[in-house]
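Taking it in order: structure first as structure tokens, then the write-up.
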Amino acid sequence: MALTTQQFFEARPESISLARSFTSEALTDWGLPDRVEDIRLCVSELATNAMVHGTVPGHGFLVRLDAQEETVRMEVHDSRRRHPKARQAADTDTSGRGLILVAALADGWGVQDRTPTGKIVWCCFKAAGGTTA
Numbered sequence: 001m002a003l004t005t006q007q008f009f010e011a012r013p014e015s016i017s018l019a020r021s022f023t024s025e026a027l028t029d030w031g032l033p034d035r036v037e038d039i040r041l042c043v044s045e046l047a048t049n050a051m052v053h054g055t056v057p058g059h060g061f062l063v064r065l066d067a068q069e070e071t072v073r074m075e076v077h078d079s080r081r082r083h084p085k086a087r088q089a090a091d092t093d094t095s096g097r098g099l100i101l102v103a104a105l106a107d108g109w110g111v112q113d114r115t116p117t118g119k120i121v122w123c124c125f126k127a128a129g130g131t132t133a
């Protein structure tokens with residue numbers, strides 16, 4: 001069974017916590033608790049990137065979750081075309097590790113352009129339990 005939900009968030013710091021809660025609640029409601037922590041961390045990283053680097057003034061970002069069979073796809077849509085790039089952060093850097101974490105936790109991730117503007121940063125996770133809702 002395919003399940004989909006999405007929510008728009010304003011580009012403000014408290015939206016990151018709200019995006020994590022939205023993600024946890026949806027996955028729990030769908031009976032997919034196995035990868036909740038990994039997916040929450042990835043939504044936190046991608047939503048933070050969208051808020052800091054991916055939104056033009058006055059625009060927010062969208063989080064979309066799709067669950068099909070044994071796979072969960074999480075997407076963050078924003079309003080800028082510039083694609084994020086994973087970088088090697090120095091030991092003393094306080095940021096710059098988000099995409100490395102996403103790559104380590106997700107079973108796949110990527111970026112695609114959105115029409116008419118913006119981009120979608122997505123990641124996929126194999127869900128051990130399958131969808132039950």
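Numbered per the numbering used here, the sequence shown spans residues 1 to 133. Even glycine gets a Cβ: it sits at the ideal position worked out from N, Cα and C.
**Status (buried if at least 16 other CB within 10 Å, exposed otherwise) for E10** = Counting from one through the sequence shown, the residue named residue 10 turns up at place 10. Its Cβ having fewer than 16 others within 10 Å, E10 is exposed.
**Request:** Report all residues from its chain with a CB closer than 7 Å to the CB of R35; omit the five preceding and five following residues, and keep chain order.
**Result:** Looking up residue 35 in the sequence shown gives position 35. Once the five neighbours on either side are set aside, the close Cβ partners of R35 are V72, F125 and A127.
**A106 versus G60: straight-line alpha-carbon distance, rounded** = Numbered from its first residue, the sequence shown carries residue 106 at position 106. Numbered from its first residue, the sequence shown carries residue 60 at position 60. Cα-Cα distance, rounded: 24 Å.
**Asked** Across which residues does DSSP place R73 in a beta bridge pair?
**Response** One-based indexing of the sequence shown puts residue 73 at position 73. Its beta-bridge partners are D66 and C124.
**Message:** For R20, which residues in the same chain have their Cβ closer than 7 Å to its Cβ, ignoring the five residues on either side in sequence?
**Reply:** Residue mapping note: residue 20 aligns to position 20 of the sequence shown, counting from 1. Only R40, V43 and S44 meet the Cβ criterion.
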